[in-house]
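**Q**
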Amino acid sequence: MATRIGAILAQRCPVCLEGRVFDSLLGTRETCPVCGVKFERENGYYLNAMFIAYVLGFLVLAPTTVILYLFDVSPFVFLAVIVVEMALLWPAIFRYSRILWLHLDQMIEPRKE
196 MATRIGAILA QRCPVCLEGR VFDSLLGTRE TCPVCGVKFE RENGYYLNAM FIAYVLGFLV
256 LAPTTVILYL FDVSPFVFLA VIVVEMALLW PAIFRYSRIL WLHLDQMIEP RKE
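Its first residue numbered 196, the sequence shown is counted upward by one per residue in the working numbering.
1. What number of angstroms, rounded off, separates the C-alpha of A244 from the C-alpha of Y291?
2. Suppose the cutoff is 6 Å on Cβ atoms and the five residues either side in sequence are ignored; what does the same chain contact list for E237 look like?
3. Who does R290 pair with in a DSSP beta bridge?
4. Are E213 and V229 touching if we call contact CB-CB under 8 Å?
5. Taking only three categories from DSSP, how would you classify F266?
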């Protein structure tokens, strides 16, 4: 389990735990460069990753929302802070939502190498 967590944090393949899943900031590889496993099993495969991204986005924005509410900032400042925070964190949320989905799916329905 510790190696799986390390692979998730390092954004590695859910099968071999070594290959890089992304080839650019937002570009997901079609196959693992190490073991050759195809990441997208079927059309629409990453729809569940969208749900994970929604949850991660909520978990990131909820504390900020509470803090801004407690400081009673103006609506303009509130909106500006939230938009900037999401713009800065969206690439990480996108990547980790896909990584989490790939690994969760691998644990539920394992693929062969």
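Even for Gly, the Cβ is constructed at its ideal location relative to N, Cα and C.
Since we're looking at a predicted model, the values are computed, not measured.
**A** On the basis of the data shown:
1. On the sequence shown, residue 244 is found 49 positions in, with the first residue counted as 1. On the sequence shown, residue 291 is found 96 positions in, with the first residue counted as 1. Those two C-alpha atoms are separated by around 9 Å.
2. The residue you call residue 237 lines up with position 42 of the sequence shown. For E237, where only same-chain residues beyond five positions count, there are no Cβ hits under 6 Å.
3. Stepping through the sequence shown from its first residue, residue 290 is reached at position 95. R290 has no beta-bridge partner at all, per DSSP.
4. Residue 213 sits at position 18 when you count from the first residue of the sequence shown. Residue 229 sits at position 34 when you count from the first residue of the sequence shown. Cβ atoms of E213 and V229: closer than 8 Å.
5. Numbered from 1 along the sequence shown, position 71 holds the residue referred to as residue 266. In the structure shown, F266 sits in coil (DSSP, three-state: anything other than H, G, I, E or B).
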